[in-house]
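Just so we're aligned, residue 26 is where the sequence shown starts under the numbering used here, counting upward by one.
Cβ atoms here follow ideal geometry from the backbone N, Cα and C, with glycine treated the same way.
Heads up: the structure comes next, in structure tokens.
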Amino acid sequence: IVWDDFVQHCVDSNLYGAENLSYIPGEVGASAVQNIGAYGVEVKDLIVKVEALDTFTSGMVTFTADECRYGYRDSLFKRPDLAGRYIITAVHYRLWHTPRYTLDYGPLKELREVTYLTPATVRNRVIEIRRSKLPEPSELGSAGSFFKNPVIDKSMWRHIQSSYPEAPHYDVDDNLVKVPAGWLIETSGLKGAVEGGAMVYQRQCLVIVNTGNATSDDVVKLYRRVQATVYNRFRIMLSPEVNVI
Ligand SMILES: Cc1cc2nc3c(=O)[nH]c(=O)nc-3n(C[C@H](O)[C@H](O)[C@H](O)COP(=O)(O)OP(=O)(O)OC[C@H]3O[C@@H](n4cnc5c(N)ncnc54)[C@H](O)[C@@H]3O)c2cc1C
Numbered sequence: 026i027v028w029d030d031f032v033q034h035c036v037d038s039n040l041y042g043a044e045n046l047s048y049i050p051g052e053v054g055a056s057a058v059q060n061i062g063a064y065g066v067e068v069k070d071l072i073v074k075v076e077a078l079d080t081f082t083s084g085m086v087t088f089t090a091d092e093c094r095y096g097y098r099d100s101l102f103k104r105p106d107l108a109g110r111y112i113i114t115a116v117h118y119r120l121w122h123t124p125r126y127t128l129d130y131g132p133l134k135e136l137r138e139v140t141y142l143t144p145a146t147v148r149n150r151v152i153e154i155r156r157s158k159l160p161e162p163s164e165l166g167s168a169g170s171f172f173k174n175p176v177i178d179k180s181m182w183r184h185i186q187s188s189y190p191e192a193p194h195y196d197v198d199d200n201l202v203k204v205p206a207g208w209l210i211e212t213s214g215l216k217g218a219v220e221g222g223a224m225v226y227q228r229q230c231l232v233i234v235n236t237g238n239a240t241s242d243d244v245v246k247l248y249r250r251v252q253a254t255v256y257n258r259f260r261i262m263l264s265p266e267v268n269v270i
């Protein structure tokens with residue numbers, strides 16, 4: 026099942042919870058592996074349990090959300106010793122019949138002012154934002170966000186803020202701050218940087234696109250250059266969100 030068809034189904038059924046995750050490419054099974062997330066929501070917030078075929082025992086197993094060990098774009102299923110062992114066959118999600126919006130992220134904040142807000146309104150806005158920032162997969166190849174948004178401690182954040190008072194950030198808790206990797210990359214002067222056919226996407230520096238004939242070497246060269254350049258400027262080592270095979 027295509028993930029976004031599932032989100033559309035939830036929205037059509039007036040169920041709340043999945044609308045911020047609209048238009049993320051991929052399938053439902055992968056959502057539970059990757060712990061997909063966008064605009065302040067992670068799919069782990071919705072998952073109740075995951076059913077899978079254990080290829081070691083050929084038996085079916087069920088994992089509760091806790092047992093899936095979800096973290097930022099991470100899960101039990103990505104552990105190197107378990108990778109490929111479980112084939113997810115069903116994911117159980119819990120959604121809400123009553124309004125339960127997450128509108129804390131930048132461009133979604135304006136929706137707080139809408140009087141009769143529906144999940145469909147949020148979905149449409151999310152799709153609009155994503156289309157304006159991210160390359161359309163059918164037109165320009167990419168792996169989506171290439172790097173994770175780094176979470177740093179507050180003292181390091183204050184140091185950055187002293188040079189860049191306008192730097193975007195999100196408080197994770199009293200001690201930790203999440204900084205958009207796209208901002209770090211753009212501020213390091215890498216917008217449009219090119220290695221062979223691979224390019225840092227001009228409209229969203231978090232994305233590396235294939236301009237037509239990128240080889241895997243081009244992509245690896247470019248992402249390492251991004252890591253080194255950002256590290257030299259901010260002393261933050263970006264880690265890839267994509268799985269490098
Ligand atoms: C333009 C673009 C935008 C994106 N935006 C976002 C975003 O906003 N947020 C986000 O989180 N991600 C985003 N992504 C990344 C991507 O959409 C997600 O990682 C998605 O979950 C990938 O789905 P897939 O079906 O293509 O899985 P794949 O990439 O094929 O697989 C991902 C991993 O899951 C495993 N897997 C897949 N299906 C199963 C299964 N049934 N059982 C067991 N293992 C399985 C694979 O082996 C692999 O390890 C974006 C990607 C693109 C191209």
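Asked, Found
"How big is the Cα-Cα spacing for Gly222 and Gly237?", "6 angstroms"
"Using a threshold of 8 angstroms, state whether the C-beta atoms of Ile113 and Val75 are closer than that.", "yes"
"State the Cα-Cα distance for the pair Val116 and Ser187, rounded to the nearest angstrom.", "45 angstroms"
"To which residues of the same chain is Arg94 closer than 7 angstroms at the C-beta, ignoring the five residues directly before and after it?", "Ser100, Leu101"
"Quick one: is the Cβ of Ser157 within less than 7 angstroms of any heavy atom of ligand 1?", "no"
"Could you tell me if Lys134 is buried or exposed, where buried requires 16 or more neighbouring beta carbons within 10 angstroms of its beta carbon?", "exposed"
"For Ala57, is the classification buried or exposed, using 16 other Cβ atoms within 10 angstroms of its Cβ as the cut-off for buried?", "buried"
"Can you tell me which of Pro190, Tyr97, Leu46, Gly84 puts its alpha carbon nearest to the alpha carbon of Pro265?", "Tyr97"
"So, are the CB atoms of Leu40 and Leu120 less than 8 angstroms apart?", "yes"
"DSSP state of Thr254, grouped into three classes?", "helix"
"For Thr89, list the residues DSSP reports as bridge partners.", "Lys74"
"Within a Cβ cutoff of 7 angstroms, which residues of the same chain sit near Pro175, ignoring the five residues on either side of it in sequence?", "Val204, Ala206, Ile261, Leu263"
"How far does the alpha helix (DSSP H) with Leu209 in it reach, from first residue to last?", "206-212"
"Pick helix, strand or coil for Phe31, following the three-state DSSP scheme.", "helix"
"Report yes if the C-beta of Ile49 is less than 7 angstroms from at least one heavy atom of ligand 1; otherwise report no.", "yes"
"What does DSSP give as the partner residue(s) for Tyr111 in the beta ladder?", "Asp79"
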